[in-house]
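Numbering (the working numbering), first residue to last: 3 to 142.
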């Protein structure tokens with residue numbers, strides 16, 4: 003039996019008493035959850051890195067180049083006889099673009115590269131100018 007000594011209550015441990023149990027480390031379940039969490043975070047990091055850096059696209063035909071030449075040909079009125087070209091350019095200056103920019107068609111074709119409406123309207127005016135006068139008069 004252990005002996006109590008003095009007011010501090012110190013006690014002597016005999017050879018028959020077991021030693022104080024040590025603190026155990028994490029169990030297998032805790033380690034498995036930690037490994038799963040690390041794998042999950044690693045996959046999130048991997049996929050986030052892939053999403054930020056998309057693969058470069060192959061350069062086949064540049065649509066910006068064809069669009070700029072298309073805009074240039076629309077501004078010049080290529081394919082029209084001189085008298086019809088003058089009338090066509092006059093229509094480009096007089097008619098307004100309906101994309102919301104409050105510019106005439108010519109100015110919108112020149113300055114606003116993001117406008118998709120002005121090339122359509124200019125093509126329509128070009129077709130009207132290229133058609134015979136009796137058909138152009140019946141068009142709205």
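Positions of the beta carbon are idealized from the N, C-alpha and C atoms, including for glycine. This one's a predicted model, so the numbers in the text were calculated from it and none came from an experiment.
Collapsing the DSSP output to three states places residue 110 in a helix.
Apart from the 5 residues on each side of it in sequence, residue 110 sits with its Cβ closer than 6 angstroms to the Cβ of 99, 103, 117 and 120 in its chain, given in chain order.
Cβ-Cβ distances below 8 angstroms link residue 82 to 90, 128, 131 and 132 in the same chain, with the five nearest sequence neighbours on each side left out; the list follows chain order.
Rounded to whole angstroms, residue 74 and residue 126 show a C-alpha spacing of 15 angstroms. Distance check between residue 101 and each of 38, 41, 28 and 122 places 122 closest, using alpha-carbon atoms only. Excluding its 5 nearest sequence neighbours in each direction, residue 94 has C-beta neighbours in its own chain below 6 angstroms: 107 and 108, listed in chain order.
The alpha helix (DSSP H) runs lying completely inside the region 73-131 and spanning 4 residues or more are 84-96 and 107-113, given in chain order. Residue 124 sits close to residue 76, with the two beta carbons spaced by under 8 angstroms.
Taken through DSSP and simplified to helix, strand or coil, residue 22 comes out as coil. Taking all protein chains shown into account, residue 79 has 16 or more neighbouring C-beta atoms within 10 Å of its C-beta and is therefore buried.
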